[in-house]
Every structure is written in C-alpha cells, then in structure tokens.
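A.B. asks: Before we start, here is the structure in question, set down as structure tokens.
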C-alpha cells in the first residue's frame with residue numbers, strides 16, 4: 001500500500017494530500033485491481049478563517065462582461081470559471097474558499 005497524491009493551494013503551490021492506492025499482481029501474473037481513495041480536505045488552511053466565505057473582488061476597466069467569477073477551489077467543471085462547486089466543497093470540508101470576482105468599471 002502506497003500513500004500518495006497532490007492537492008493544490010493557489011497561494012502555496014502543490015503539496016502532499018491524503019490518498020491511498022491499492023494494487024498488486026494477481027495469482028495468474030496479470031494486473032491486480034486498482035482503486036484510489038481520496039479524502040476531501042480543505043484548500044484554505046489559514047487565510048481569513050473568521051469569514052464564512054473568502055471572496056475577493058477586483059475592478060478592471062477592460063472586460064467584455066460586467067462580472068466574471070474565477071474558480072479558486074479547483075473543483076469547477078467549467079474551470080477556470082467558477083460554477084459554484086466551492087459551495088459543496090465548503091460544506092463537506094468546513095473550508096471557506098470562494099471565487100475571485102472581476103468587475104468591469
């Protein structure tokens with residue numbers, strides 16, 4: 001059994017995560033069954049933990065849309081745009097990560 005995996009924190013870069021990979025060779029010499037178990041864990045260990053959800057807004061003069069939300073939880077199906085996946089992530093891990101909002105001035 002080998003523990004491995006990576007998680008990514010946008011402020012600190014990649015770091016080790018909890019993941020366990022099971023594998024082996026079957027009796028006939030073929031490949032054994034492999035499965036991966038990954039435990040959900042928070043992305044934001046210490047930044048503004050007193051806030052329910054960390055959302056930063058930046059005002060930009062040259063944007064095509066009046067408001068664009070960018071993902072910071074790395075779980076969005078429309079990455080790099082936010083699709084609200086952080087809400088489920090925050091509930092399951094107790095984290096408080098939220099999107100980066102770019103607003104047109």
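Numbering (this note's numbering), first residue to last: 1 to 105.
Where a beta carbon is used, it is the ideal one built from N, C-alpha and C, also for glycine.
1. Three-state secondary structure (DSSP) at residue 100?
2. Tell me whether residue 61 sits in a helix, a strand or coil according to DSSP, three-state version.
3. Is there contact here, the segment 36–50 with the segment 89–96, by at least three beta-carbon pairs under 8 angstroms?
4. Using the C-alpha atoms, what's the distance from residue 68 back to residue 76?
5. Residue 35 by DSSP, collapsed to three states: which one?
C.D. replies: According to the data block:
1. Position 100 of the chain shown, counting from 1, holds the residue named residue 100. Of the three classes helix, strand and coil, the one that applies to residue 100 here is strand, per DSSP.
2. Here the question's residue 61 lines up with position 61 in the chain shown. In this structure, residue 61 counts as coil in the three-state DSSP scheme.
3. yes
4. Sequence index remark: in the chain shown, residue 76 carries index 76 (1-based). Sequence index remark: in the chain shown, residue 68 carries index 68 (1-based). Near 14 angstroms, if we compare the C-alpha coordinates of residue 68 and residue 76.
5. As a working mapping, residue 35 is identified with position 35 in the chain shown. If DSSP states are grouped into helix, strand and coil, residue 35 belongs with the strands.
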